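Taking it in order: structure first as structure tokens, then the write-up.
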Amino acid sequence: MASPDKGALRSEDEQPGRDHNRADSIQVECDDECEKAINASIHEDKRCAEAALAPGSSSLIMPKHRVHEMVLLKAIAETLNQSHELSSMLHSVLEKLLELTGLTTGWIFLSDRYMDFRCVAEQNLPPALTGNNGKRMNHGSCWCLDRYWDGRLVNAINILNCKRLEDAVTFRWGDTQGITHHATVPLRTGKELVGLLNVAAPGKVHFTDEELALLQSVAFQMGSAIERIHLYAAEQRRAEMFARLDEFSRALTGRTGGCSDLVPVAKAALHLIGEHFQWPIAALYESTGDKLSLRSTYLCDESFELTERMTLEQAGWLGEAVTNRRLRTVAAEEAALLLVRETGDGKRRPSTKLAKAAAIPLPFGDIGYSVLVIGSTKRDDLKAEDRPILEALAEHIAGALESTLLADHRKELTRIEERNKLARDLHDSVSQLLFSLSMTSRGVESLLTGPEPDTEAALAAVRDLQSLSQSALKEMRSLILQLRPSELQAGLVTALREYGERLGLRIHTQLDGVRTLPRPIEDALWRIGQEALNNVSKHAGTTSADVTLMITSQEVTLQISDKGKGMPEGSPKLRGTATSIGLSTMRERAEALGGTISISRRHSGGTAVEVTIPLLASDRSNGSEVNER
């Protein structure tokens, strides 16, 4: 491009009444161009404005107000990028905006839905708007918010009348410092409206189109920053909530493992929800036909009172969640239906303490519970990004309840197996002896009632009857011992030694630690020990066994070993699996109390059965030393 003619530039500089300095000439040119730009903007002619702003020979020359706008936008952008916390960021950018524009007052509303808003930042509010503990800016509607909610607020506009300021004058709330009007600018994150930016100054009743355009540019920057902070906060919250879910799952497993009663499991799950997530209300409802019934609750505040029974129609949103099997979250008005109460006149009075509530259907429908209900007093709780957490929470609870049902079924199967075993033992021992008694008694009768009574043979038969009856009595006592071991009064080790001796085994015992064991643990170890000694007697091919009981402050371990044939080479060790009904029963007894069991081949020959059961804190504190346990 050719250089401009120096002579032409000099002739433009030499104008009458002006300094002949070239810089002053350029300044005059910029001022003229600036006036043209303002007029073009007022008439909304973008092309004319761009043409008027063009400095002609140099693209680096720019009007003063444009430079000022660029400096302002640069400062705002720097301020927005200095914070990851929403409230502090909005306060900082509002302060910087007022400083650079010369305006005195500003405030920012954020709103997700109709009548749900809060003033998150304010700067230099007049005394009339700061009173009543901030309620004047956080309660009630106003014209700018009304336009925002009904979709009429699209771009930055002048608010000719401010309802809050007019109310301040009408009700004499205090000094408004000469502020009567303000500009309102919508804040957007993409296509979604998230709030409002309001700015004002004493005596300023109108904002020009250029001022509104500048405020709109600032609002676009603020909207992008709000979206960035929301995404960052949502990701942080998501990570935190999943960490809490992991802790909840571990605690639930530890507290309910092996339990076979649904009621304590449900109560424990709800209590852990309150403990790990700090939600004040958690409840489980059961759906039967068209009715919902409250089955279990956790309430951090005794003033809360949940409705115990209602039809699906009365339950409203909760009934819809159950019927459609879909998660529902609601705000304060619908959440209050959970806490309705009966008043003296029979009318229901809803509580207004809840800000959010959620209903999450449980994935298993045959566990006695249908839906999990969560309530919160915080508006920021139970957000859309919490949906995966809530669904996972319901799955964990349903899984715990399902495991409890399975544990109960396993116990029932164990009881059935024990009954069947008792029936077999009665048939194989006592029943056969009683049959022999019956037949022998008939023989005695025939010996004494014949034409030639044989008293000698009859006496011999009577002696057989006595022997058979003693054998039957012994067998019956042995079976009773298995059902209700009275020998446990003398201690577990003593009972196992005597039981082994009755099986014809020589028992060597060792006791390490003395204390009283809880009855469930002692009974379980007794049953497992019986089964282990029975296996030694039947399969080990030896007449001796070792019984060792070790008790610490944390756990109790019972070991029964022998030096017999041992397990076949290559046979799997029993660790969580079972290869027979007897071994399966031993495992289930141990796991029902949170314990473990292992059966392994000894290097020196023979087999070792070892069961370890933890002692709960309550068991450890209640235990007392005795001579042998």
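All residue numbers for the sequence shown refer to my numbering, where the first residue is 166 and numbers rise by one. Yeah, the Cβ is synthetic: ideal placement off N, Cα and C, and Gly gets one too. Only a predicted model underlies this, so the values are computations on that prediction, with no experimental measurement involved.
Taking residue i as the reference, which of the options has the closest Cα?
i, options, result
"Ile394", "Gly706, Ser718, Leu255", "Leu255"
"Asn323", "Val359, Val364, Pro779", "Val364"
"Asp551", "Arg402, Ser718, Thr722", "Arg402"
"Gly824", "Leu670, Tyr664, Leu682, Ser718", "With the chain covering 166 to 794 only, the question about residue 824 has no answer from this structure."
"Trp289", "His436, Arg580, Ile344", "According to the sequence shown, residue 289 is Asn rather than Trp. Considering only alpha carbons, the answer is Ile344."
"His519", "Ser568, Thr488, His561, Asp466", "At residue 519 the sequence reads Leu, which differs from the His that was named. It is Asp466."
"Lys261", "Lys239, Val487, Arg491, Arg662", "Lys239"
"Leu357", "Ile391, Phe372, Pro367", "According to the sequence displayed, residue 357 carries Glu and not Leu. Nearest option by C-alpha distance: Ile391."
"Lys432", "Ser248, Thr569, Thr542", "Thr569"
"Arg490", "Glu556, His436, Leu427, Pro429", "Glu556"
"Leu547", "Glu478, Glu582, His304, Lys521", "Lys521"
"Leu380", "Thr418, Gly267, Arg283, Asp411", "Gly267"
"Gly770", "Ala655, Pro526, Lys728", "Lys728"
"Gly484", "Phe469, Glu470, Gly454, Arg460", "Gly454"
"Leu571", "Arg337, Glu753, His371, Thr772", "Glu753"
"Asp545", "Asp688, Arg283, Arg584", "Arg283"
"Leu318", "Gly305, Ala348, His304, Gly299", "Ala348"
"Leu780", "Gly419, Glu287, His371, Gly669", "Gly419"
"Phe372", "His346, His592, Tyr397, Leu427", "His346"
"Glu560", "Ser248, Leu396, Ala773, Leu410", "Leu410"
"Gly355", "Gln635, Leu396, Leu459", "Leu396"
"Ser276", "Asp311, Leu263, Gly299", "Asp311"
Is the CB-CB distance between residue i and residue j below 9 Å?
i, j, result
"Leu602", "Ala625", "no"
"Asp332", "Ala496", "no"
"Ile672", "Ala710", "yes"
"Ser452", "Val536", "yes"
"Val359", "Leu377", "no"
"Ala434", "Ala565", "yes"
"Arg692", "Thr750", "yes"
"Arg474", "Leu449", "no"
"Gly339", "Gly296", "yes"
"Pro367", "Thr269", "yes"
"Arg767", "Ser718", "no"
"Asp441", "Ala416", "Checking the sequence, you will find His at residue 441 rather than Asp. In contact: His441 and Ala416 (Cβ atoms closer than 9 Å)."
"Ile554", "Phe407", "yes"
"Leu630", "Thr620", "no"
"Leu527", "Leu504", "no"
CB-CB under 6 Å to residue i, same chain, minus the five flanking residues each way: which ones, in chain order?
i, result
"Glu775", "Gln724, Ser763"
"Ile778", "Ile686, Val721, Leu758, Gly760"
"Leu714", "Val658, Leu676, Leu723"
"Ser306", "none"
Suppose the cutoff is 8 Å on Cβ atoms and the five residues either side in sequence are ignored; what does the same chain contact list for residue i look like?
i, result
"Ile438", "Phe413, Trp444, Ala447, Tyr463, Ile539, Leu558"
"Trp482", "Arg493, Val495, Glu499, Leu502, Ala524"
"Trp308", "Ile324, Asn326, Cys327, Lys328"
"Gly747", "Glu696, Asn699, Asn700"
"Glu250", "Ile394"
"Gln597", "none"
"Ala384", "Ala321, Val350, Pro351, Leu352, Arg353, Leu362"
"Ser633", "For the sequence presented, residue 633 should be read as Leu rather than Ser. For Leu633, where only same-chain residues beyond five positions count, the Cβ hits under 8 Å are Leu598, Ser601, Leu602, Thr605."
"Lys543", "Ala520, Lys521"
"Ala608", "The question names Ala, but residue 608 is Gly in the sequence shown. Closer than 8 Å at Cβ, skipping near neighbours: Ala626."
"Leu132", "Nothing can be reported for residue 132, as the shown portion of the chain is limited to 166 through 794."
Looking only at its own chain, which residues have a Cβ that is under 7 Å from the Cβ of residue i, when we skip the five neighbours before and after it?
i, result
"Met641", "Val595"
"Leu294", "Arg301, Met302, Arg329, Ala333"
"Lys730", "Ala705, Gly706"
"Val258", "Ile241, Thr244, Leu245, Met387"
"Asp573", "Ser425"
"Trp314", "Tyr279"
"Leu265", "Leu237, Ala240"
"Thr341", "Pro291, Ala293, Leu330, Ala333, Val334"
Can you tell me which residues form a DSSP beta bridge with residue i?
i, result
"Glu775", "Gln724, Ser763"
"Val711", "The residue you asked about is not Val; residue 711 is Asp in the sequence shown. DSSP, once it has assigned bridges, lists His673, Ser726 as partnering Asp711."
"Gly795", "This structure cannot settle anything about residue 795, because the visible part of the chain is limited to 166 through 794."
"Gly540", "Ile446, Ala522"
"Arg474", "Ser458"
"Asn323", "Ala348"
"Thr494", "Ala523"
"Ile716", "Val721"
"Glu451", "Ser458"
"Leu504", "Partner(s): none; Leu504 has no beta bridge."
"Arg278", "Asp281"
Cβ of residue i within 8 Å of any heavy atom in the ligand ADP?
i, result
"Ala333", "The model depicted lacks the ligand ADP and carries no ligand whatsoever."
Please confirm whether residue i has its beta-carbon closer than 9 Å to some beta-carbon of chain C.
i, result
"Arg420", "Protein chains in the displayed structure number just one, and chain C is not present."
- Could you name each continuous beta strand (DSSP E) segment of 3 residues or more that falls completely within the stretch 335-389, going from the start of the chain to the end? 347-354, 357-365
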